[in-house]
Amino acid sequence: MQSISSALTKKKRKYRDKIDFTDLIRLFDDAAETDRLMPHYLRKQKMSSWVDYPDEVTSYGYTKINDLIRIVPEQIQIDRWELATQILMEIEDMNMRKVIWAKAKGATWVWLGKKTKLSRQWIREKYLEALIITAYRINKTVKKNINKLYIINKITYDS
Numbered sequence: 030m031q032s033i034s035s036a037l038t039k040k041k042r043k044y045r046d047k048i049d050f051t052d053l054i055r056l057f058d059d060a061a062e063t064d065r066l067m068p069h070y071l072r073k074q075k076m077s078s079w080v081d082y083p084d085e086v087t088s089y090g091y092t093k094i095n096d097l098i099r100i101v102p103e104q105i106q107i108d109r110w111e112l113a114t115q116i117l118m119e120i121e122d123m124n125m126r127k128v129i130w131a132k133a134k135g136a137t138w139v140w141l142g143k144k145t146k147l148s149r150q151w152i153r154e155k156y157l158e159a160l161i162i163t164a165y166r167i168n169k170t171v172k173k174n175i176n177k178l179y180i181i182n183k184i185t186y187d188s
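Numbering-wise, our numbering puts 73 at position 44 of the sequence shown, and it's gapless, one number per residue.
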């Protein structure tokens with residue numbers, strides 16, 4: 030009986046024509062992860078010239094080559110990050126934008142409640158309300174053509 034109920038609750042991700050707030054939550058979480066992977070906008074340099082150091086990576090004794098590899102986000106991740114920031118900018122309330130982005134970055138409801146000076150239940154309720162309204166607006170405003178399928182596939186992309 031449990032396998033039947035779990036099969037009914039699972040949604041098919043392919044060929045959907047509408048999105049819901051869970052898709053937006055996943056989109057913002059992935060965008061925050063991509064934001065962490067992207068290079069910083071300001072490069073901090075402490076010295077104008079460098080002291081002569083040995084050129085070999087292993088000359089310091091504890092450095093491994095695996096530690097020096099930088100992970101760079103893929104193009105689909107950057108596209109989804111741009112889409113998430115565009116969707117986030119369409120939310121009128123600036124404080125709710127900050128709450129949505131902080132929650133995507135991993136903030137807890139208690140921390141968000143303390144920062145906004147509201148209860149954690151109230152913040153969570155307003156967060157879900159803002160996401161449901163945003164999903165409704167996306168479903169309503171995107172016209173029924175290839176562009177709608179493209180945007181929905183970008184939002185519901187399973188990484």
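Beta carbons: idealized from backbone N, C-alpha and C, even for Gly.
Note that this is a predicted model, so its numbers are computed, not measured.
Per DSSP, A113 is one residue of the alpha helix (DSSP H) stretching across Q104 to M118.
The segment 58-69 makes contact with the segment 99-113: 3 or more CB pairs, one atom from each, lie closer than 8 Å. Within the same chain, Cβ atoms closer than 8 Å to the Cβ of M118 are found at R126, the five residues on either side in sequence being excluded.
Note that the C-beta distance between L141 and A133 is not below 8 Å. Contact check for T137 against I48 fails: the beta carbons are separated by 8 Å or more. Taken through DSSP and simplified to helix, strand or coil, D52 comes out as helix. Taking C-beta separations shorter than 8 Å and ignoring five residues to either side along the sequence, the partners of T145 in its chain run N124, V128 and I152, following chain order. In the three-state scheme derived from DSSP, where H, G and I count as helix and E and B as strand, I184 is classed as helix. For E154, the enclosing alpha helix (DSSP H) has its first and last residue at R149 to T170. If you check the CB distance, A164 and L53 come in under 8 Å.
A residue is called buried when at least 16 other Cβ atoms come within 10 angstroms of its Cβ; I161 does not meet this threshold and is exposed. Residues of the same chain with a CB within less than 6 Å of the CB of T63, apart from the 5 flanking positions on each side, are P102, Q106 and W110 in chain order.
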